[in-house]
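Chains as they are written, first to last, in the working numbering: chain A, 1 to 413; chain B, 414 to 733.
See structure below.
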Amino acid sequence: MNDVLRAAFVIARRDFVATVWARTYILFLLAPLVVFGFSVAVGMSAGSKDREASRPVVAVVADSATVQALQGARARLVAGTSESAFPILSIVAPAENVEAQAQRLLADDEARLSAVLSGTIAAPVLTGPRAVESGGLGDRIGLIVGEARRSIALADAGLDAEGAAPRRVFTQAAAGDLRTTRMALGKGAQFLIFFITMLLATLLLSNMVEEKSNKVIEVLAAAVPLDAVFLGKLVAMLGASLVGLAAWAGMLGLGYVFVQTLQDWMAVPQVVPAIGWPAFILLLFVYYATNYMILGALFLGIGGQASNIREIQSLSMPVTFLQLFVLFLAMNAGGGDPDTLAWIAFILPFSSPLAMIAFAAESPALWPHLLALAWQGLWVLLIIRASASLFRKTVLKSGPRPGFMAGLKARKG
Amino acid sequence: MGDRVENGLAIEARGLFKAFDGKPAVRGIDLKVPEGSIYGILGPNGAGKTTTLRMLLGIIDPDAGSSVLLGRERPLDAAGIVGYLPEERGLYPAMHCRDAIAFMGALRGLPLEVGRKRAEQLLSENGLGDYVAKPIKSLSKGMAQTVQLFGTIVHRPKLIVLDEPFSGLDAMNQGRLEHLIRDEAAQGVTIIFSTHVIAHAERLCERIAIIAGGRVRFEGEVAEARDRLRPQVRLGTRAESGPWRAALPTGAELRGGVWHFELPAEGIEPLLKALIDGGAGIEELSIERPGLHDAFVAIAGEEAARELEESAAADQEIAR
Chain A
1 MNDVLRAAFV IARRDFVATV WARTYILFLL APLVVFGFSV AVGMSAGSKD
51 REASRPVVAV VADSATVQAL QGARARLVAG TSESAFPILS IVAPAENVEA
101 QAQRLLADDE ARLSAVLSGT IAAPVLTGPR AVESGGLGDR IGLIVGEARR
151 SIALADAGLD AEGAAPRRVF TQAAAGDLRT TRMALGKGAQ FLIFFITMLL
201 ATLLLSNMVE EKSNKVIEVL AAAVPLDAVF LGKLVAMLGA SLVGLAAWAG
251 MLGLGYVFVQ TLQDWMAVPQ VVPAIGWPAF ILLLFVYYAT NYMILGALFL
301 GIGGQASNIR EIQSLSMPVT FLQLFVLFLA MNAGGGDPDT LAWIAFILPF
351 SSPLAMIAFA AESPALWPHL LALAWQGLWV LLIIRASASL FRKTVLKSGP
401 RPGFMAGLKA RKG
Chain B
414 MGDRVENGLA IEARGLFKAF DGKPAVRGID LKVPEGSIYG ILGPNGAGKT
464 TTLRMLLGII DPDAGSSVLL GRERPLDAAG IVGYLPEERG LYPAMHCRDA
514 IAFMGALRGL PLEVGRKRAE QLLSENGLGD YVAKPIKSLS KGMAQTVQLF
564 GTIVHRPKLI VLDEPFSGLD AMNQGRLEHL IRDEAAQGVT IIFSTHVIAH
614 AERLCERIAI IAGGRVRFEG EVAEARDRLR PQVRLGTRAE SGPWRAALPT
664 GAELRGGVWH FELPAEGIEP LLKALIDGGA GIEELSIERP GLHDAFVAIA
714 GEEAARELEE SAAADQEIAR
């Protein structure tokens, strides 16, 4: 065992240095941040445009008192929810024939109207195509009219419609909110681990192909156990990814501090994972490592069977689907008492790290993590052993070797 | 377990058999490589040399048979005292020469710092001192091969296994390699190498195994292989015919005015007397010991010999 670890260390050290000292690693570090920043900026702009363009506009054809009441009601409702929750009200002075006016307005391309509201608060009329009902436009106009009616009724009764907000008594936390935020935290952590592992999966797939193209693999296989080669490569890539993570976290942290100094722009959510922040952050790293090692050992094994980069590209899609499947399975693990799917997610080695990080967000128990880590560690070793064994049987032999698919066909035959 | 073996054999293989996709590549190979010897495995491409070496080193497992390497049944247990240069040379292109050599030593248990110092020494002693901190990708193919060879010996192994070490090398580098092999052997290191160039085996080896079609056709000393054939006599005479012709053994051939035939079992003296008495008028008489090439043809057959020549020719083409 000592020989395996010593050899794995030698290989890990070489691979780590070769990876981290390469110019391409700088690109690897910067590319996700640039892409992420660009995507966020473009996404926010596009989202804002989309939201603006997709909000319905309703023309209000009514007398000034009705218009005023409706606008006041809408303003109060928006204050309690959001601007985008209610249609835009466009005020139009009523003509003699309101019904004909409504038809003309709806036919006008420039006005971009979804419906026309006319009549009075007591007897409102909403004119528009039946299709807008499927978007709930009628209900939302109904809420505005209802609010206007209640406001008028309260005013008639001598009560202040604006003063209805309850007196606030603040507590540390509410159980319902805590559970929801912890669930969200768990899901966020799952997604983070999934996303970073996915970024690195192709690197792992192509790792052994590179080794074979350098023809160094035979030198390694003659000197050290193949298990040590696989373990060393995994540890090296894990190390390189942790350096990347630290760099990304550092850059994001600096960015946050910079933005906060300019403007109090982003508040840190006041959520504490059930297991506590220090343990949660530690577990986040540990489960990232085990998730990476388990999937990495599998990808290294699969990639080891490929002969060239083209085969690696073909393998990338099923591997991405496998990761998505694992993520969706693990997402069953959060949110209360575990059901059958959640138990499968906890036990299945490929989803176990993702499921357990969600568990850490929602439960203070520590011992299940020790058990899970031992279980996941065992699977890392088993997959490495199986991958190395398969590699030894199918790859290390004399003469030209058939490609991955040809190899599969040959084995079937 | 010490580094000395009890039976004096650095390698002992019995009945090694390996098939790939149902097709046998090696069909029951027995080898005995004495400790401290230079041992050659001679055979054409596809004869099973590389597969045999890979099985001996534990890179692949045999389907049947067993081997003992420096007294160890598990070859990797001896990894620290074995050096291996594979047929497909491989180094990390971005690595510096010194680090590449030290890395190969580290794989076999040599501390990295010691490996670096020895790498510098090896490179300097062999006129490559300027390349210590140069990346492998900046070297010529021959130089890179030399660097890999240094990586094979940097940890001072007791057994060096070289798979087609002369392949792809120009004459100067081949000479350098022969020198290095002799030097290592002089220090008591066992060297086993595969080759399809008879001259290398003939010049360097004390013992050889001739492999063809996945089988060992001969194993023993080079002289033993040659002794499989009778010495060849070349005879040139003034007389074209006469009673002396009756003294020529059966199978004698006249080529270019010179008779060629195997030395008779009773020796040269009775033949010489009969030729003189029969009035041959001897102009030229020589007895030539058969070369390893002749022995190879006799042992492995014409087809294997032709394949061997083709392999060697292909090699020379690559070196050019």
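From the three backbone atoms N, C-alpha and C, an ideal C-beta is built for every residue, glycine too.
Since the structure is predicted, the reported quantities are computational estimates derived from the model, not experimental observations.
message = Quick check on the burial criterion: 16 or more other C-beta atoms within 10 angstroms. Buried or exposed for A/N332?
response = buried
message = Only counting the same chain, and skipping five residues up and downstream in sequence, which positions put a Cβ closer than 7 Å to that of A/F194?
response = Q323, L327 and L354
ask   = Using a Cβ-Cβ cut-off of 8 Å (strictly less than) and excluding sequence neighbours within five positions of B/Q558, which residues of its own chain qualify?
value = R502, G581, L582 and N586
query = What residues in the region 285-316 of chain A have a beta carbon less than 8 Å from any beta carbon of chain B?
reply = none
ask   = From which residue to which residue does the beta strand (DSSP E) around A/V216 run?
value = Element bounds for A/V216: n/a, residue is neither H nor E.
message = Please give me, in chain order, every unbroken run of the beta strand (DSSP E) with length at least 3 that falls completely inside the region 486-511 of chain B.
response = Correct list: 495-498.
message = Per the DSSP calculation, A/G119 is bridged to which residue(s)?
response = A/P124
key: CB of A/V216 within 7 Å of CB of B/A519, strictly   = no
inquiry  = Between A/D63, A/L106 and A/L199, which has its C-alpha nearest A/E96's C-alpha?
reply    = A/D63
message = Using a Cβ-Cβ cutoff of less than 7 Å, which residues in the same chain neighbour B/L705 once the five nearest sequence positions on both sides are dropped?
response = I611, A614, E615, V635, A638 and R639
request  = Below 8 Å CB to CB, which residues in the same chain sit around A/I141 once its five sequence neighbours on both sides are set aside?
outcome  = Correct list, in chain order: V58, P87, A115, L117, P124 and L126.
key: Nearest-angstrom Cβ-Cβ length linking B/R511 and B/E538, presumed shorter than 8 Å   = Not a contact, Cβ separation roughly 14 Å.
message = On the DSSP letters alone, give me the boundaries of the alpha helix (DSSP H) that A/V78 sits inside.
response = For A/V78, the uninterrupted alpha helix (DSSP H) run begins and ends at S64 to G80, by DSSP.
ask   = Closer than 7 Å, Cβ to any Cβ of chain A: which residues of the region 690-707 of chain B, in chain order?
value = Sequence-ordered contacts of the region 690-707 of chain B with chain A are nonexistent [C-beta pairs closer than 7 Å].
query = In chain B, what lies closer than 9 Å to A/R392 by C-beta?
reply = Result: I472, I473 and D474.
query = Using a Cβ-Cβ cut-off of 8 Å (strictly less than) and excluding sequence neighbours within five positions of A/A85, which residues of its own chain qualify?
reply = L77, V78 and R140
message = So with CB distances below 8 Å, who are the chain B contacts of A/V243?
response = By Cβ distance, chain B contributes nothing, its closest Cβ being about 18 Å from A/V243, past 8 Å.
ask   = Of the residues A/E99, A/P273, A/A111 and A/L106, which one's Cα is nearest the Cα of A/G119?
value = A/E99
message = Let me confirm a value: A/G399 is counted as buried when at least 16 other C-beta atoms fall within 10 Å, else exposed. Which label applies?
response = Legend: pLDDT at A/G399 = 47, less than 50; position of this residue unreliable, no value from coordinates given.
query = Should B/K445 and B/P475 be called a contact, given that it needs their Cβ atoms to be closer than 7 Å?
reply = Not in contact: B/K445 and B/P475 (Cβ atoms no closer than 7 Å).
request  = Pick out whichever of A/I144, A/N308, A/A279 and A/A228 has its Cα sitting closest to the Cα of A/L382.
outcome  = A/A228
inquiry  = If we define contact as Cβ-Cβ less than 7 Å, is A/N214 a contact residue for chain B?
reply    = yes
request  = Kindly indicate which three-state DSSP category A/K412 falls into: helix, strand or coil?
outcome  = Bear in mind that a pLDDT of 41 at A/K412, under 50, signals an unreliable position, so the model cannot answer this.
query = When burial is assigned at 16 or more other CB atoms within 10 Å of the CB, is A/G413 buried or exposed?
reply = Because the pLDDT at A/G413 is just 35, under 50, the model does not fix this residue reliably, and the point stays unresolved.
query = Using 8 Å as the Cβ pair cut-off and three pairs as the minimum, do the region 659-670 of chain B and the region 563-583 of chain B touch?
reply = Too few Cβ pairs lie closer than 8 Å, so no.
Residue closest to B/F460, alpha-carbon to alpha-carbon, out of B/I494, B/V439 and B/V574 = For the record, residue 460 of chain B in the displayed sequence is Ala; it is not Phe. Of B/I494, B/V439 and B/V574, the residue nearest in Cα terms is B/V439.
Cross-chain neighbours of A/L5 in chain B, by beta carbon under 8 Å = Neighbours of A/L5 on chain B: none; closest Cβ ~13 Å, over 8 Å.
key: Candidates A/V4, A/V224, A/A360 and A/L33: closest to A/Y287 by CA position   = A/A360
key: Whole-Å CB distance - B/M517 paired with B/G471, under 8 Å assumed   = Contact flag wrong, Cβ pair sits at about 17 Å.
inquiry  = Please return the same chain residues whose Cβ sits closer than 6 Å to the Cβ of B/E720, not counting the five positions on each side in sequence.
reply    = P457
request  = Any chance you could list the alpha helix (DSSP H) runs of at least 4 consecutive residues sitting entirely within the region 579-653 of chain B, in chain order?
outcome  = 584-599, 611-617 and 635-639
query = Okay, do the region 24-39 of chain A and the region 246-258 of chain A touch, 3+ Cβ pairs below 8 Å being the bar?
reply = yes
key: Where B/H592 falls, given that 16 or more other Cβ within 10 Å makes a residue buried   = exposed
inquiry  = Buried or exposed for B/K436, going by 16 or more other Cβ atoms inside 10 Å?
reply    = With fewer than 16 other Cβ atoms inside 10 Å of its own Cβ, B/K436 counts as exposed.
request  = Could you tell me whether any Cβ in chain B is nearer than 7 Å to the Cβ of A/F9?
outcome  = Chain B contact via Cβ: absent.
inquiry  = Using only the alpha-carbon positions, how far apart do A/R385 and A/M208 sit?
reply    = 15 Å
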